[in-house]
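Under my numbering, the residue at position 84 of the sequence shown is numbered 64, and the numbers go up by one with no gaps.
We treat Cβ as the ideally placed atom computed from N, Cα and C, and that holds for glycine.
Treat the numbers as computed from the prediction; the structure is a model and nothing was measured.
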Amino acid sequence: MATLYVVSTPIGNLDDISVRAKQVLAAVPTVLAEDTRHSRVLLNHIGAAPDLVAFHDFNKEKTTPRIISMIKDGRDVAIICDAGTPGIADEAFYLVREAVREGILVVPVPGACAAIAAIVCSGLPTDRFIFENFLPVKSGRRRRFFEEMKAEPRTVVFYESPYRILKVLHDMHEILGDVAVVIARELTKMHEEFLRGTPQALIAVFSKKTPKGEMVVMFNTRVPPYASNQPQQVE
Ligand code: SAM
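What follows is the structure in structure tokens.
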């Protein structure tokens, strides 16, 4: 029986791939990827040329039994995602669960993860936190979520689209008031920045400058907000 490797890849800066991730991706005959065209660019960059198989929400049920048989027949497989760590806000869990059920060895090859990169530089408490993936798209369900979070002492981390962030900040402002919020944008990329303040302060920032790029949002109901909401532009 072979091994399933769960391999983290960069979230922006291509140098953030580990030596071990390169070794594994160059050695395994098959790599599963959410978007094979996107991942081919990374694999070419590191000089790896495995068979690339698409693995995503729409084909995971159909593809998983084939992958499980492949591993049981002695072929090592690695799973990667579009960016960061597989299983965090994507479908890798589905395959990992089936592999574990089938007694297959599952090995992590850790590296970048947007949520972790964001919280450690946010200035919000990192000793205890919860990750909420993407929040509900419908405002009613999202508002109920914020209501529940009034009593949450831990830092809350979630992923959000730039197209919805203003609506999310408005809901947050109405329900949580002047809570401490940090938005980490475009991590490890040229326009990386951390925006800190209250929901209202960040609404003001995004009213002047259209929200763009990938973002991680974090808040904590127990600490005071940072006074400055000035972006810290890296370049
Ligand atoms: N598996 C990934 C990880 O380990 O972070 C996350 C995949 S999730 C489908 C994609 C979301 O992660 C984006 O919509 C954004 O919220 C967040 N994200 C990914 N890359 C990011 C980056 N460079 N800066 C900020 N957020 C990022």
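Using a threshold of 8 Å, is the CB atom of residue 154 nearer than that to any non-hydrogen atom of ligand 1? Here residue 154 is taken as the residue at index 174 of the sequence shown, counted from 1. Checking every heavy atom of ligand 1 against the Cβ of residue 154, none is found closer than 8 Å.
Where are the alpha helix (DSSP H) runs, 4 residues long or more, that stay fully inside the segment 88 to 158, in chain order? Runs found: 94 to 102, 119 to 129 and 145 to 156.
Reducing DSSP to helix, strand and coil, say where residue 82 ends up. Here the question's residue 82 lines up with position 102 in the sequence shown. In this structure, residue 82 counts as coil in the three-state DSSP scheme.
Hey, out of 47, 8 and 181, whose CA is closest to residue 207's CA? Here residue 207 corresponds to residue number 227 of the sequence shown, with the count starting at 1. When each option's Cα is compared against that of residue 207, the closest is 181.
Considering only residues of the segment -14 to 10, which uninterrupted alpha helix (DSSP H) runs meet the minimum length of 4 residues and lie entirely inside it, listed in chain order? -1 to 7
Separation of residue 177 from residue 97, as counted between CA atoms: For the purposes of this step, residue 97 is taken as residue 117 along the sequence shown, with counting starting at 1. For the purposes of this step, residue 177 is taken as residue 197 along the sequence shown, with counting starting at 1. Cα atoms of residue 97 and residue 177: separation of roughly 19 Å, rounded to the nearest angstrom.
Span of the beta strand (DSSP E) holding residue 203? Position 223 of the sequence shown, counted from the start, is the residue given in the question as residue 203. Per DSSP, residue 203 is not a residue of any beta strand (DSSP E), being assigned neither H nor E.
Taking Cβ positions, are residue 204 and residue 164 nearer each other than 9 Å? By one-based count along the sequence shown, residue 204 stands at place 224. By one-based count along the sequence shown, residue 164 stands at place 184. Not in contact: residue 204 and residue 164 (Cβ atoms no closer than 9 Å).
Bridge partner(s) assigned by DSSP for residue 174: The residue given as residue 174 occupies position 194 in the sequence shown. By DSSP's assignment, residue 174 forms a beta bridge with 164.
Check residue 68 in the structure and name its three-state DSSP category. Here residue 68 corresponds to residue number 88 of the sequence shown, with the count starting at 1. In this structure, residue 68 counts as coil in the three-state DSSP scheme.
N- and C-terminal bounds of the alpha helix (DSSP H) containing residue 184: What you label residue 184 is simply residue 204 of the sequence shown in a count that begins at 1. From DSSP, the alpha helix (DSSP H) with residue 184 extends over 179 to 188.
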